[in-house]
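Note sheet for the following structure.
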Amino acid sequence: MIIMQLNGISKSYGAEEIISNIKLEIKDKDRIAIVGRNGAGKSTLLKIMANELSYDDGELFKPKDLTIGYLSQHTGLESGNTIWNEMLEVFESLLIQEKELRILEKKMIEVDKMSEKEYEKVLKDYDSLQQSFEDNGGYRYEADIKAVLSGLNFQDYDDQTPINELSGGQKTRLALGKLLLTKPALLILDEPTNHLDIETLSWLENYLVSYPGAVTIVSHDRYFLDKTVSIVYEISRHNTKKYHGTYSDFLQQKALNYEQELKEFEKQQTEIKKMEEFIQKNIVRASTTKRAQSRRKQLEKMDKLDRPLGDEASASMSFQINKRSGNDVLKINQLSFQYDDENEPLFKDLKLHINRGESIALVGPNGVGKTTLLKTIIGKLTQTSGQIQLGTNVQVGYYDQEQANLNSSKTVLNELWDEYPHINEKDIRTVLGNFLFSGDDVLKPVNSLSGGEKARLALAKLRMQKANLLVLDEPTNHLDIDSKEVLEAALIDFPGTIIFVSHDRYFINKIADQVVEMQKDGVTVYLGDYDYYMEKKQEEEELIKLQETEETTDHADDKKRSFKEEKKLQSEQRKRERQIAKLEETIEKLEEELSSLEEKMTEPEVYEDHEKALEFTNKSNELKHEIEKLMEEWTALQDV
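In terms of the UniProt record's numbering, the sequence shown is residues 1 to 640.
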């Protein structure tokens, strides 16, 4: 069932066109992503859908009773309420019903003060109200609140904490939590993953997958989109185009569409050129002029294709180094850090050794001290104890997620040129052009730039340093998806060493060859990307569960032996399953080959030729023997 339809929606601010002729359709269970460059009009479109903004042209159809929940990018709860009382506001109608039930219960006790008719009416009212209360979630609303608060990482907070005492990020998470509890028929989320750590992101993904209504999302988190959506609308050059599938499916389909459209265009252009040449050669000759005139009419009637438009201009990032570092780039030993106003260390006993060429993703829950560790490595903060040792010829380049190293009073051009006055203005402008600052853009004051523009400027400054150790704190924040992909390509080709903090799991998968998980009392190193890290974490959890289920009366050595045996059995089982799958694939191929061969044997040119028939028969017998042999192996593995 369609719950919202947009036909030809357009919006301009003065002479600037933001979106044009937008067509979009939402059904009651849809999971939709709206993607596009920064400034493409995604947030504008969401505001129009949420009835927060008017539109200039077009039509928007929706049922009158459609409930819409909208979370804007910068929403944060501003309230004098406590966390719990704020969440309770969602269930105000249930709270009223609950009070009415208590009143009716008291009346039911005072049966001696009522006539039989009055008592029957109270019973009837109570049954009706209780059923309505139950149907609307009256017996589970407290559990729902606790589940959402826990999922959004408030499980360690006193739920009587006043909201005005919380940070901006915490207020944003609470705004999301309150919206989720309202369960509108259409949930519209603009960058819902901001301020969420990886654990909370995973919870939100699972919540949205099982959400009972429709969901429309704008997000730059590609991993999140792959997990949650099945329809993608791309806004490009003010218009939308619909794709079915995940975000990764959309990328693949978009590339295929462009390739196909380009082939069709080029084929038609070749055809047009041939027709034009024929007309030009034959129009003046009496014997062929009629044919030439006919071709000319064909050409005039032809529905000419436009050359397909490729991607819009992208940044062109690359990071070079001044000189190569030694093999030992960074050694951290027994490192601890404690803020002066805190009672205990933020982290302690950290040990880490990074070699040249490695790309390290630093992960862990919010508040564990990842950014503090990076600032300690670059010398912005001083450790409480322990040692940090940089290797030979190591030059450090730092990307600050807050962009504190940008001077807000300067222009974009001077932000770079003042630090590198010996470089020609033309060359500075070329670098800025590679990061999508061209023409008069370079004369803009830094304080007028958007978050994405500041991020690109900070990356341009980082590129100029030519450092061989890049220390990056949330480098993909504020970047649109296209800029993220360009940054990924640049970092993959970077000849130096990288240590970075990021909540962007897609980015971690692309860049990291090691994941270092930070705890308050050390680190754990995983030699792989994010997916490998999650796989190992899951294995660790399974091992812990396995250990917990073993009998407590067994001796420690017996437990260890049983555990190893279990792991060996699991390993053998996985190996056996892989062998079975491989055998099935081989058998299927051989059976297809045999079927094809037997079909050929029925052809006259084969069975009438004695030698050829014998050759085909021998080959058929060989295939049957091979299939039989493989089937025996398959049966033996199944019976284990």
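Cβ coordinates follow ideal geometry from the N, Cα and C atoms, glycine included.
All figures in this text were calculated on a predicted structure; none of them were measured in a lab.
A residue is called buried once 16 or more other Cβ atoms fall within 10 Å of its Cβ, and L443, having fewer, is exposed. According to the DSSP assignment, V232 belongs to the beta strand (DSSP E) that extends over I231 to S236.
Shown here, A214 sits in a strand according to DSSP, grouped into three states. Under the DSSP assignment, I103 falls in the alpha helix (DSSP H) whose first and last residues are E92 to I109.
Rounded to whole angstroms, F437 and K545 show a C-alpha spacing of 54 Å. CA-to-CA, the gap between A147 and L256 works out to about 42 Å. Closest by C-alpha distance to G69, out of M108, K117 and L189, is L189.
When rounded, the separation of the alpha-carbon atoms in G452 and L251 is 22 Å.
By the neighbour-count definition (other C-beta atoms within 10 Å, threshold 16), E300 is an exposed residue. Listed in chain order, the alpha helix (DSSP H) runs fully inside the stretch 274-314 are 289-301, counting runs of at least 4 residues.
Under the three-state reduction of DSSP output, G58 falls in the strand class. For the pair E100 and L129, the CB atoms are nearer than the 8 Å cut-off.
Between the alpha carbons of L152 and S20 lies a distance of about 37 Å. With the rule of 3 Cβ pairs closer than 8 Å, the stretch 474-483 counts as touching the stretch 495-508. Residue pairing by DSSP places L416 opposite no residue, since no beta bridge is assigned to it. According to the DSSP secondary-structure assignment, H244 is paired through a beta bridge with I231.
The alpha carbon of Q403 has as its nearest neighbour, out of S450, Q383 and E277, the alpha carbon of S450. Contact between L204 and P192 holds, with the beta-carbon distance rounding to 7 Å and staying under 8 Å. In terms of Cα proximity to I145, the closest of I32, S132, I103 and W84 is W84.
Proximity to K273 across Q253, S287 and Q298 peaks at Q298, based on C-alpha coordinates. Sequence-distant Cβ neighbours of V606 in its own chain, meaning closer than 8 Å and more than five residues away, are K600, K612, A613 and F616. Under the 8 Å Cβ criterion, the stretch 26-43 does not count as touching the stretch 160-171, having fewer than three qualifying pairs.
Assigned with DSSP and collapsed to three states, D158 falls in coil, not helix or strand.
By the 16-neighbour rule on beta-carbons within 10 angstroms, Y339 is exposed.
Excluding five sequence positions before and after D226, the CB atoms of its chain that fall closer than 6 Å to its own CB belong to T246, Y247 and S248, given in chain order. The stretch 365-383 and the stretch 420-435 do not touch, with fewer than 3 CB-CB distances between them shorter than 8 Å. Proximity to N405 across E358, G357, L46 and A455 peaks at A455, based on C-alpha coordinates. With a beta-carbon spacing of about 7 Å, I498 and I360 fall inside the 8 Å limit used to define contacts. Secondary-structure assignment with DSSP links S385 through a beta bridge to S336.
Excluding its 5 nearest sequence neighbours in each direction, E342 has no C-beta neighbour in its own chain below 7 Å. Of the other Cβ atoms in all chains shown, fewer than 16 fall within 10 Å of the Cβ of H353; this residue is therefore exposed.
Proximity of the stretch 170-178 to the stretch 72-87 meets the contact definition, three or more beta-carbon pairs being nearer than 8 Å.
When the beta-carbon positions are compared, M302 and L186 stay at least 8 Å from each other. Taking the Cα of N7 as reference, the smallest distance to any Cα among N38, D57, K537 and V215 is reached at D57. Taking a contact to require three or more Cβ pairs closer than 8 Å, the stretch 226-237 and the stretch 531-543 do not qualify as touching. Proximity of the stretch 212-226 to the stretch 19-35 meets the contact definition, three or more beta-carbon pairs being nearer than 8 Å.
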